[in-house]
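Asks: Residue numbers (the working numbering), protein chains in the order written: chain G, 1 to 351; chain A, 1001 to 1351; chain L, 2001 to 2074; chain R, 3001 to 3074; chain C, 4001 to 4250; chain E, 5001 to 5250; chain U, 6001 to 6178; chain B, 7001 to 7178. Using N, Cα and C, we set each Cβ at its ideal position, and we do this for glycine too.
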Amino acid sequence: MGEIRFMKGNEALAEAAIRAGMQGYFGYPITPQSEVIEYLAAEKPNHNYTLLQAESEVASINMVYGGAAAGSRVMTTTSSPGYSLMQEGVSYIACAELPCVIANIARGGPGLGTIQPGQGDYFQAVKGGGHGDYRLIVLAPNSVQEMVDFTILGFDLADKYRTPVLVLSDGAIGQMMEKVVLPEPKQYNPDKPWATTGKTHDRERNYITSLYIQSEHMEKKNIELQKKFDLIEKNEIRYEEYKTEDAEVIIVAYGVTSRSSKKVVDLAREGGIKMGLLRPITLWPFPKERISELAASDRVKSFFSVEMSAGQMVEDVKLAVNGKKPTYFYGRTGGIIPTPEEIIDFIKTKV
Amino acid sequence: MGEIRFMKGNEALAEAAIRAGMQGYFGYPITPQSEVIEYLAAEKPNHNYTLLQAESEVASINMVYGGAAAGSRVMTTTSSPGYSLMQEGVSYIACAELPCVIANIARGGPGLGTIQPGQGDYFQAVKGGGHGDYRLIVLAPNSVQEMVDFTILGFDLADKYRTPVLVLSDGAIGQMMEKVVLPEPKQYNPDKPWATTGKTHDRERNYITSLYIQSEHMEKKNIELQKKFDLIEKNEIRYEEYKTEDAEVIIVAYGVTSRSSKKVVDLAREGGIKMGLLRPITLWPFPKERISELAASDRVKSFFSVEMSAGQMVEDVKLAVNGKKPTYFYGRTGGIIPTPEEIIDFIKTKV
Amino acid sequence: MPAKGYVDIIVDACKGCGLCVTNCPTQCLDLKKDDTNSYGYHYSYMADEDKCIACMNCAVMCPDSVITVYKKTG
Amino acid sequence: MPAKGYVDIIVDACKGCGLCVTNCPTQCLDLKKDDTNSYGYHYSYMADEDKCIACMNCAVMCPDSVITVYKKTG
Amino acid sequence: MKEGYEVIYKKPKTLTDNRMHYCPGCIHGIVHKIFMELIEEMDLQERTVGVCPVGCSVFAYDYMNVDMQEAAHGRAGAVATAVKRMLPDRIVFSYQGDGDLAAIGTAETIHACNRGENFLFIFINNGIYGMTGGQMAPTTLNLQKTTTSPYGRETKDSGAAIKMTEIVKDLEGVAYAARVSCNTPANVRKTKRILKRALEIQEQDLGTQFVEVVSNCPSGWRCTPVESMEWIKDKSIPYYPLGVFKEPGK
Amino acid sequence: MKEGYEVIYKKPKTLTDNRMHYCPGCIHGIVHKIFMELIEEMDLQERTVGVCPVGCSVFAYDYMNVDMQEAAHGRAGAVATAVKRMLPDRIVFSYQGDGDLAAIGTAETIHACNRGENFLFIFINNGIYGMTGGQMAPTTLNLQKTTTSPYGRETKDSGAAIKMTEIVKDLEGVAYAARVSCNTPANVRKTKRILKRALEIQEQDLGTQFVEVVSNCPSGWRCTPVESMEWIKDKSIPYYPLGVFKEPGK
Amino acid sequence: MLNEMIFAGFGGQGVLSMGKLLAYAAMKEGKEISWMPSYGPEMRGGTANCMVNVSENPISSPIVTKYDVVVALNLPSLNKFEPSVKENGILIWESSTIKDPPERKDIKIYPIPAVEKANTELKNVKVMNMLILGALVKINNIVKKESLLVALEETLPERHHKLIPLNEKAIELGMSLV
Amino acid sequence: MLNEMIFAGFGGQGVLSMGKLLAYAAMKEGKEISWMPSYGPEMRGGTANCMVNVSENPISSPIVTKYDVVVALNLPSLNKFEPSVKENGILIWESSTIKDPPERKDIKIYPIPAVEKANTELKNVKVMNMLILGALVKINNIVKKESLLVALEETLPERHHKLIPLNEKAIELGMSLV
Ligand SMILES: Cc1ncc(C[n+]2csc(CCOP(=O)(O)OP(=O)(O)O)c2C)c(N)n1
Ligand SMILES: Cc1ncc(C[n+]2csc(CCOP(=O)(O)OP(=O)(O)O)c2C)c(N)n1
Ligand code: SF4
Ligand code: SF4
Ligand code: SF4
Ligand code: SF4
Ligand code: SF4
Ligand code: SF4
Ligand SMILES: [Mg+2]
Ligand SMILES: [Mg+2]
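1) Any chance the CB of V5226 (chain E) is under 7 Å from a heavy atom of ligand 5?
2) Roughly how many whole angstroms lie between the Cα atoms of D4089 (chain C) and C4056 (chain C)?
3) Just tell me which of U:P6058, U:S6084, U:L6156 and U:V6178 has its CA closest to the CA of M6018 (chain U).
4) For G132 (chain G), which beta-bridge partners are listed by DSSP?
5) Could you please give the first and the last residue of the uninterrupted alpha helix (DSSP H) stretch that includes C5217 (chain E)?
6) Could you give the distance in angstroms between the alpha-carbon of K5246 (chain E) and the alpha-carbon of A5175 (chain E)?
7) Taking a contact to mean a Cβ-Cβ separation below 8 Å, would you say V4031 (chain C) touches C4182 (chain C) in this structure?
8) Excluding sequence positions up to five away, which residues of its chain have a Cβ less than 7 Å from the Cβ of I5162 (chain E)?
9) Just to confirm before moving on: does the CB-CB distance between I6107 (chain U) and V6085 (chain U) stay below 8 Å?
10) Where L5038 (chain E) and I18 (chain G) are concerned, what is the direct C-alpha to C-alpha distance, given to the nearest angstrom?
11) Taking DSSP's pairing of strands, which residues face T77 (chain G) in a bridge?
12) Could you tell me the boundaries of the alpha helix (DSSP H) in which R1269 (chain A) lies?
13) With a cut-off of 8 Å on the beta carbons, I'd call A7151 (chain B) and L7131 (chain B) a contact; round off their distance for me.
14) So, with DSSP's three-state summary, where would you put E7169 (chain B)?
15) Apart from the five residues on each side of it in sequence, which residues of its chain come closer than 7 Å, Cβ to Cβ, to M7043 (chain B)?
16) Sort A:E1146, A:A1070 and A:Q1187 by Cα distance to P1099 (chain A) and report the nearest one.
17) Just the chain B side, please: which residues come within less than 9 Å of K263 (chain G) by C-beta, in chain order?
18) Pick from A:N1235, A:S1084 and A:M1007: whose alpha carbon is nearest that of G1120 (chain A)?
19) What first and last residue would you give for the beta strand (DSSP E) that runs through G24 (chain G)?
20) So what's A6048 (chain U) in DSSP terms, helix, strand or just coil?
21) Is the number of C-beta pairs between the region 1039-1053 of chain A and the region 1013-1031 of chain A that are closer than 8 Å three or more?
22) Looking at the strands, I want to know which residues DSSP matches up with M177 (chain G).
23) If you drop the 5 nearest sequence neighbours on each side, which residues of the same chain put their C-beta closer than 6 Å to that of G4251 (chain C)?
24) In the DSSP assignment, find the unbroken beta strand (DSSP E) run with E7087 (chain B) in it and report its ends.
25) Does any CB atom of chain C fall closer than 8 Å to the CB of K2071 (chain L)?
26) Give the residues from the region 189-207 of chain G that approach chain E closer than 7 Å (Cβ to any Cβ), ordered along the chain.
27) If we ignore side chains and look at the alpha-carbon of each, how far apart do T5132 (chain E) and G1171 (chain A) end up?
28) For I5091 (chain E) and P29 (chain G), I'd like the C-alpha separation in whole angstroms.
29) Looking at chain A, is there any beta carbon in it that lies within less than 8 Å of the beta carbon of N142 (chain G)?
30) Buried or exposed for I7164 (chain B), please, with buried defined as at least 16 other CB atoms from any protein chain shown within 10 angstroms of its CB.
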């Protein structure tokens, strides 16, 4: 068992990236995420990663493009407005099939909004905030420990599928301190024959592009991408269930709200309501099979999507439930984390 | 009846903006959209709008912010990658409740992709490609004539609800020439007491912001925004139906694909299949009531969403159908417009 | 004889930055070491009534515009 | 006596831009007015075999690298 | 008021009564004050539209009693461009920090200046990202410690601190370029005179006005306000020389 | 080959056999050729990684037979920064048009130069947006007609054509800054010498190398290739003077 | 009845304008029309084309893949589009510059030596597209010649009106060739 | 049993660090913990606070709105958080600087003159937060004093270890005050 520390979510994410063998970080400060680059700056002398504070998020994401295309394990992190600025770059990276990790330590929007935690970037994360047909693998930690685990997992999935991975967290998890167990650092030596590292005489030149000017080629590329996304949906769906075995009411919640929702389940059961929690860990691919399974069982009477948004994930829940059972939404915005009490009060009005 | 002309979609959009009393245009060239600014540049001497070629799309959208906040009727136009760059700005504009028109003459993505027409930006348009909870009114023309009509409508809706309006078109409609009837130009004199035009002694200062640092304030703002979006959903849903009265198979298609789909309906009926077309004109708000109505009728057996994407609007169709009837998807990507023949062949495999 | 001038400092608006104190040519201002205003700041006050020459340096430097300067008339 | 040099021009690769023609110091090149290559261009050709001094100007200017220059040996 | 005394200096009416959120001794407050004094003295309140950035001065609209817009981070130059073009007879200014104007906003700044947009850039250069907690800015001095340069900025790695005034002064569109500071009463008074000159030039429609204020950040610099003024004198000004770099037609 | 003759000039092996999509007489082709000649002559093919822009040279990777990346519009400076930092012992260059480098990419350009990123900017300035059909660029000459300045560019409205080399040469991070052209054989040969010097400086890790090529766009300029070379001589070069603006340590 | 046509050739051969003119003329006759150009860099130097649809009813799709009429002014275009002529459809090709003729037997093929005729009889190769257009309307009389003249009138900028007679001659010459 | 606490005061009064120390100590005792600071510009000059949750079971929510323990070191904080103490909960306030005392009758209230005591008896006002912490652990013995000392050991950078005895004194003094 690894080293135990008491850490901030953002610092834990940074430390995890180091232990995952991250070779390059490019980022721009923004609250509530800046501790990531600050931690990496402080730790730099003890490691040999490249660290560059970019002039903007637009530059950051395009540096990630360049670094990933050069065959390196690279990452950037930001928060909501900064992630919006990255959308063109993310679409490029997805099309060019470059592995990298991006973290959005989300805050409350829209606009400049608030720096308090938010989950209003769900759509942007899972439906592709950028142009064109693409998906990112989206991992949603709900603890400081998972900031560590999912960052490391993210790097591995990114390489496995040559695809960008988004860690969608929020200001609460980024700012809070908890106990974490850190794994051993791994040495990372990539085998990326496609990378642009200089055309040696024994191979054709490599080039990384997202340009397919002819419709036929563009369509071919899209078909390949969709195949890959199907494969990811087949292999990588992750979720956690809590007391769903006998549940009649299912709460679906991710990230920080899944924690209060867990408490809701316990309170509800004390009150005699058979409740369970389904917590998507991968927001994309979304655990729709499991949800429609639950929706199909006579036992389950209704679903509740609890979010720090005006209602986003609830659409994916509805798509999975597909009309089989009523699906309700409860949410708070502006950085307010719904309390177990208010959630249960809402649910009581519906069941 | 107005003046008849033979025009390109992009030029028609530009001419319509002039006739709608547009006061300021800020944009950056990109294929297949550049004719808009080129037309406005050529026409400038005959009118008194402000025209500025910005240094980028990021600058363009923020100029739109400034111009709209100053109380002017303003517009920008772009194509897919450029629109992705605007996502932060759009989120700001939506939160600051600034009226403006944005047109995305979409091409095939992701990435740099192709300059041929595409509908892969649907998610980005209707789920908010930017961060936070917001919606745009999204109008989808399917002819050069509608490039005119919806641009004018867009300006009026923008002012009516103090919200950005997105005209989501594509390279085919932007580049093609058709006959158009142009309405009389209108003189536009805004009454915008909230605009920042200088604090006269008889009023408090005005300021335009999207910053709500306190959670309570941010949530209040979000609740106001959601109220407004609900109102828009109540008032502004627009769609066209073609032979749906007795239809057993419903195609749902928008923009250029809705034209081939119309032909499909005729061909299908020749072949004895009772088919109808539901064409969303407002992609948001989406005509979900009407679709679930159709889904509820015993007559209707199935739905087909036909798109130039890997499957995006089909999610909204499914949300509306809500499991009542099977819903299928047929799409082409890369700029290829599905032919009536291939669409009907696909449908035949399902019904 | 009475001073050329004097200043008014709004105690609760003062943040105790000390810029007025160090920029007063005649050292008539000081920060209240032993007291804080309701925001917890050791606020500035006129320690020596007689020295003020109404030069306005303190007010010019005050980031929070909490100083009003008065000058002897005639 | 035979010319100092000569050039080879790949007909179908030529775009008929004429830069080689105007930059040849001895006017030995010209564009085929009465013929086009398969891309529809009036391609460049050696109009005057004897004048070439192998200065390479044409090839240096050719954006499409379709000119090979030969020089008399010895 | 005491018998026999008159008010010779007080807070201008063009500042609101809101308590500023700035840290003790922050020059943002000084610049707000003198600029609003000018707006009052030149009677421009009714004709002025300001644009504030994302940075500590993001709340400037709470304090400056004129019409204001809050721009996205770095885009105040683009926003102000549009405001001035739509309202050419108004006085328009953007008020931006160094991260805002010289990092993420570089393109908008350079191109507004190059086009000669007729508004005033008030550029508050404190060599750090104050609002986000003291990270390195492009303007951070060599070897200066910040949260993202904890061992001091290395020129080899991050480049030399960028001198925006020197860059924009050479652009034809820029009519007036000056660098000032507010570390002493004399410099504060000078800054006010320079800002006044800039506004006069705007009235004459001669081109962009660019005024850089060498500023402080006691919180980010981890020092007292008084020490920060010393640092400006000893460290900042030697690297960022003060003065008028460009006058109209020169 | 004729008896008694030898080849003294032929297409370099570092160019692929793909037919270039450039319009007849476009200088893009000339620069591609001489730069790839250098890569061949200096034996750098195995160590070179290039970044192409969005612009007519977006397809440069089809022609240059070295590893290449296609960057988003304007971001080649950021992309090349990362490539060089991750692969410090490689030769890295970005190849960008004026819309790409001097409009949308301004911030990435300025900051890569300011940080002194050790790669070569090859900046093809043809004063127009070629790829998109001939719109005005920040570099378009005063009164020049383009599709977005159909009556000629007005300095009052669009500013003066921006001189990037003059701007970046003053940045400490820039080791080498030069402006060249390819309108005559002599200038083509000179351009090749200058690019060679730039690559040598990159090997010495002295700072950013910035080489601006005053280029043409017969299609966008609506003239013949030969006329375009005249225009460069008569119009472009007088405004964009050629020469080496900065040498390392100077 | 719907007529789906494509005009293809080198940039500079005037394929876009001839298509536009035809569409405009049809519009003048009260028909529904659409004109869709190829666009993007591949146009440069390379080939350009435009699709023109003319019909009594609204045009369902501006972009099609099979054509009633293909007009090919250069070899690449002929090779590219010959296969996509509908059965019994029409293929018009420039026979004085294109060396190898089309081969299909199931379509109507019209070789028109437009370049040569324009050079020899009109001393102006530029109008060869009008000549082709003349041939086309003669073949499928999709619009009246008069409509084409009206179209010229209304679409040509004043300063070029002096060229209308020449264009008219070209159209007539074209009509006389089939 | 879950303990939800908040520590609030001016920035610079060391509220964040006292919360951190307590959480760390609890972690050392094998408990589940979370520490959540207020963040953002409003901290500047203004007030700072941190929420500390300690429990045997995993913490369900790091951010709560009702507290078992409120520690208020200045008036704004006292006013803001007094209402959110749970019934029978604990309110500790700095009684030598805060003029008007809390009023609730349904909670346990402990005035601690930490500033004054730190000044007079320890000649160092900086450690007043440790003094408060001492009082707290004495009141609800949420962690052992020893654990706090271990926490100091492990969290203070070497160069500050010389300060540990002073901090220990402060903790003990605090404990002695209740
Ligand atoms: C797109 C985006 N990126 C980053 C941020 C975070 N952010 C807020 S202010 C700021 C920089 C502040 O520094 P500066 O502009 O120098 O102003 P100062 O606070 O120093 O006055 C940053 C990076 C943001 N709000 N939006
Ligand atoms: C984000 C984005 N905006 C706009 C475009 C459209 N676009 C492609 S190339 C280009 C400019 C080309 O001009 P330049 O950089 O000067 O290169 P040139 O073609 O002249 O060599 C533009 C605006 C794009 N592809 N992406
Ligand atoms: S006015 Fe001048 S002398 Fe009087 S207190 Fe202020 S600084 Fe001192
Ligand atoms: S300058 Fe103003 S804020 Fe600072 S101490 Fe003096 S009065 Fe107080
Ligand atoms: S080598 Fe010189 S002389 Fe010979 S053809 Fe070329 S340019 Fe003319
Ligand atoms: S320069 Fe090259 S492309 Fe141009 S005409 Fe001569 S050979 Fe042909
Ligand atoms: S952080 Fe720095 S810049 Fe911001 S208010 Fe405080 S002192 Fe001023
Ligand atoms: S458009 Fe201009 S720049 Fe582009 S290839 Fe053609 S000539 Fe060259
Ligand atoms: Mg700053
Ligand atoms: Mg160019």
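Replies: So, from the listed chains and residues:
1) Not under cutoff, so the answer is no.
2) The straight-line gap separating the alpha-carbon atoms of D4089 (chain C) and C4056 (chain C) is approximately 29 Å.
3) Ranking U:P6058, U:S6084, U:L6156 and U:V6178 by Cα distance to M6018 (chain U) puts U:L6156 first.
4) DSSP output for G132 (chain G) lists no bridge partner at all.
5) For C5217 (chain E), no alpha helix (DSSP H) encloses it, and the DSSP letter there is neither H nor E.
6) Answer to the nearest angstrom: the Cα atoms are 7 Å apart.
7) Contact flag set, yes.
8) Taking I5162 (chain E) as the centre and dropping the five residues before and after it, the same chain places the C-beta of A5102, P5138 and T5139 closer than 7 Å to its C-beta, in chain order.
9) For I6107 (chain U) and V6085 (chain U), yes; Cβs fall inside 8 Å.
10) Roughly 39 Å separates the two Cα atoms.
11) BP columns for T77 (chain G) point to G:A103.
12) Per DSSP, R1269 (chain A) is one residue of the alpha helix (DSSP H) stretching across G1255 to E1270.
13) So it is not a contact: roughly 16 Å between Cβ atoms.
14) Reading the sequence as shown, one finds Lys at residue 7169 (chain B) and not Glu. DSSP, reduced to helix, strand and coil, places K7169 (chain B) within a helical segment of the structure shown.
15) Residue confidence is low: M7043 (chain B) scores 49 on pLDDT, short of 50, so the model does not pin down where it sits. No coordinate-derived value is stated.
16) Answer by Cα proximity: A:A1070.
17) Result: S7060 and S7061.
18) When A:N1235, A:S1084 and A:M1007 are compared, the shortest CA-CA separation from G1120 (chain A) is found for A:S1084.
19) Run containing G24 (chain G): G24 to G27, per the beta strand (DSSP E) assignment.
20) In the structure shown, the three-state DSSP call for A6048 (chain U) is strand.
21) Between the region 1039-1053 of chain A and the region 1013-1031 of chain A there are three or more C-beta pairs closer than 8 Å, enough to call the two in contact.
22) M177 (chain G) is bridged by DSSP to G:K8 and B:W7035.
23) Since the displayed chain C opens at 4001 and closes at 4250, residue 4251 (chain C) lies outside it and no answer follows.
24) Unbroken beta strand (DSSP E) run through E7087 (chain B): V7085 to E7094.
25) Interface residue, yes.
26) Within the region 189-207 of chain G, the residues whose Cβ lies closer than 7 Å to some Cβ of chain E are T196, T197, G198, K199, T200, H201, R205, N206 and Y207, listed in chain order.
27) Each residue's alpha carbon lies about 14 Å from the other.
28) Between I5091 (chain E) and P29 (chain G), the C-alpha separation is close to 30 Å.
29) Not one chain A Cβ lies under 8 Å of N142 (chain G).
30) So I7164 (chain B) ends up on the exposed side.
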